[in-house]
Every structure is written in C-alpha cells, then in structure tokens.
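To start, the structure under review is shown below, and the notes come after it.
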Amino acid sequence: MSNLSDYSQAQRERLVYIDFRLYFTGVVSRNDLMDRFGLGAAAATRDFAQYREIAPTNTELDTVSKLYVIRDTFSPLVEHPPERVLTALTQGYGYSLDGEKPLILNESVSLLSQPKVEILAPIARAISLNQVVRISYTSASGESEREIVPFAISCDGLRWHVRAYDRKRKDFVDFVLARIGAAQIQQGQKPLENENLRNDDQWNRMLDLPLVPHPDKNCSQIMMRDYDMPDGVLKLRVRAAMAGYVLQQYHVDCSTDHSIADEAYRLWLSDPLALYGVKSAKLAPGYKSPN
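Structural data, given as structure tokens:
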C-alpha cells in the first residue's frame, strides 16, 4: 500500500478514485474523473500523470479507446473495504445531488423497514448537537409520547434503530426509527449527566461471541466458506446492546445443547455464557438465562 500523506485531501480522493475504478471495473477515463470531481481536462490529465508516477505498473493508456486500463501487475494503492466497494459498485461512488448510476449490473433487496427522512433528520441533528428530542412512538402497547436523548444509530441487518436515554423508562433503550411518528428537538434543553452515553453499560460493553457451524447440521464446509472461518470459529464482535438483534437476524442457535432443529439455523453460539448479563439476550434464539 502506498503512503499518500504528502498529498492534499482532494488529491488523495482523486487518486483513490482512479485506483478504485481500475481495480473493480478494469478501466477509467479522464471523463470519469472530470464528471466525478468537476475537473477540467488539464487537471484530470495531471492526476493521471501523478497516479502513474506513484504506481507505474498499475495502468497504461489504450491509445485506441483513450482509456486507462488495468495491467496484470496492478497492486492497489490503498485498502478498499468490501462494504464500501459493494456500496460504490451497486449505488454509485459517493453522494451526488444528481444521483449516480451503479458501476456494474446488480440486484439487491433494500431493507423493508426504512425510516422517514423527516424523522431521521432531527434525530441525527440531536445526536450531532447533543440535544433532547420529543417523539411519538408506537410499540406493542400502543402509541406514546416521550423525551429521549439519542446518541447513536445502528442497524441489526433488517431495521434501523436509535440508541437513546428514555426519560419515561429512566434507562437506555433502542427505538426502531420506523416506529417514530414525529420527532421535535426541544430547544433550550440539555441532557443531564446521567443521560450521557458514558453511563450506558450495555452500549459500552463489547462482546466477542464465538460462532461455529451448527453441530447437528451438515453445513460445516459451506459455513466456514460463507463466513471466512478457516479455524472453524467466527468471533462476532458486537455491542451488548445489539447482540440479541444480530444473533436473531443471523439465525444463530444460542441454546446450550444446540437443540434448534430448523435448517435455517446453521450457526451455533458455542459459549452461551458469553451472553450473561446482556439485556438484549432475550432476543437470542434458544437462549435461556442461567438464572
């Protein structure tokens, strides 16, 4: 990996974009760079010259198509995290007012539960500015009004949540964003010391949960490949506040005797005691508290 620290932030972004396009689409042009960053032709040419100076064996100019193409000796300048790569390939590289087209043909299912932007915006502002929010919320017991102090959002794989101190329950809890009907920042109010995220033990507690292929299912090889488990164990690092949700969504058998027969459960939590004292463990499939 190359050290790009000597370049400005804007230059680094353009060089990494060239690297990304070469690595994952095989070709990149001056027009790609000009359209993405609003550059003139001369500036784009300089960026390609700079890229070739840093990584002379990564690309060459096809004189017929006028495209820069990847070479067999290509080595990426930077690490490209798979999650970001997949987002860029399927949704476009970056945030654009005009929207961006996917870079490759793809088909994916969006989350069925999506928060409304007009709810997400004040919640996000409150997190950013450390403010109190009044919300209307629908739960199993009906709709209620409450004041919350939000400090983070999270996704369990199916739904988006906001983690917050709930003044009604006097505790830190999760709220499903899609169930919030209205959200209004309470101007002039400031969170109290006990409402600070530093006091949320379940959020701050990190777990390393050992997941293994289910002992009673003929799935060891495919699970080890699906989840990159060369030693047969996947250490799931997750916050205690989120553990139950994640184990539920990934269909992990959390019973002590791996007794869930459903074929959908192809992973087993090999040490259920790892969930001791975890409030969200009530959602973990098959889990029973030692108490």
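Quick note: the sequence shown uses full-length UniProt numbering, first residue 1, plus one each step. For every residue, glycine included, the Cβ atom is placed at its ideal position computed from N, Cα and C. The model shown is predicted, which means the values in this text are computed figures rather than measured ones.
Could you tell me which of 33, 62, 75 and 67 sits nearest to residue 56, measuring between CA atoms? 75
Do residue 252 and residue 269 count as a contact pair if the criterion is CB distance below 8 Å? yes
Going by C-alpha to C-alpha distance, which of 44, 72 and 9 sits closest to residue 23? 72
Reference residue 260; option with closest CA among 288, 230 and 130: 288
Going by alpha carbons, who is nearest to residue 3 out of 80, 264 and 54? 54
Give me the Cβ distance between residue 208 and residue 237, rounded to the nearest whole Å; I'm assuming they're in contact under 8 Å. 6 Å
Do residue 28 and residue 68 count as a contact pair if the criterion is CB distance below 8 Å? yes
Following the continuous beta strand (DSSP E) through residue 60, name the residue where it begins and the one where it ends. 59-62
Taking 8 Å as the cut-off, decide whether the C-beta atoms of residue 219 and residue 266 are in contact. yes
Which residues DSSP lists as bridging residue 138, in chain order: 143
Spatial distance of residue 271 from residue 255 (CA atoms): 9 Å
Per DSSP, the bridge partner or partners of residue 152: 163
According to DSSP, simplified to helix, strand and coil, what is residue 284? coil
Taking the straight line between their C-alpha atoms, what separation do you get for residue 50 and residue 37? 16 Å
Euclidean distance between Cα positions of residue 65 and residue 30: 12 Å
C-alpha distance - residue 90 paired with residue 39, whole-angstrom precision: 24 Å
On a Cα-Cα basis, can you pick out the residue from 176, 151, 100 and 141 that is closest to residue 158? 176
Measure the alpha-carbon distance for residue 192 versus residue 126 and round it to whole angstroms. 14 Å
Below 8 Å CB to CB, which residues in the same chain sit around residue 47 once its five sequence neighbours on both sides are set aside? 11, 14, 15, 18, 33 and 39
Measure the C-alpha to C-alpha separation of residue 78 and residue 5 and round it to an integer number of angstroms. 12 Å
Is the beta carbon of residue 153 closer than 8 Å to that of residue 146? no
Since residue 170 and residue 210 should fall inside the 8 Å C-beta cutoff, what is the C-beta to C-beta distance between them, to a whole number of angstroms? Contact flag wrong, Cβ pair sits at about 34 Å.
Alpha carbon to alpha carbon, what distance is there between residue 213 and residue 165? 37 Å
Rounding to the nearest angstrom, what Cα-Cα distance links residue 83 and residue 155 in this structure? 14 Å
The alpha helix (DSSP H) with residue 299 in it runs from where to where? Here the chain covers residues 1 to 291 and nothing more, so residue 299 does not appear.
Compute the distance between the beta-carbons of residue 241 and residue 284, then report whether it is under 8 Å. no
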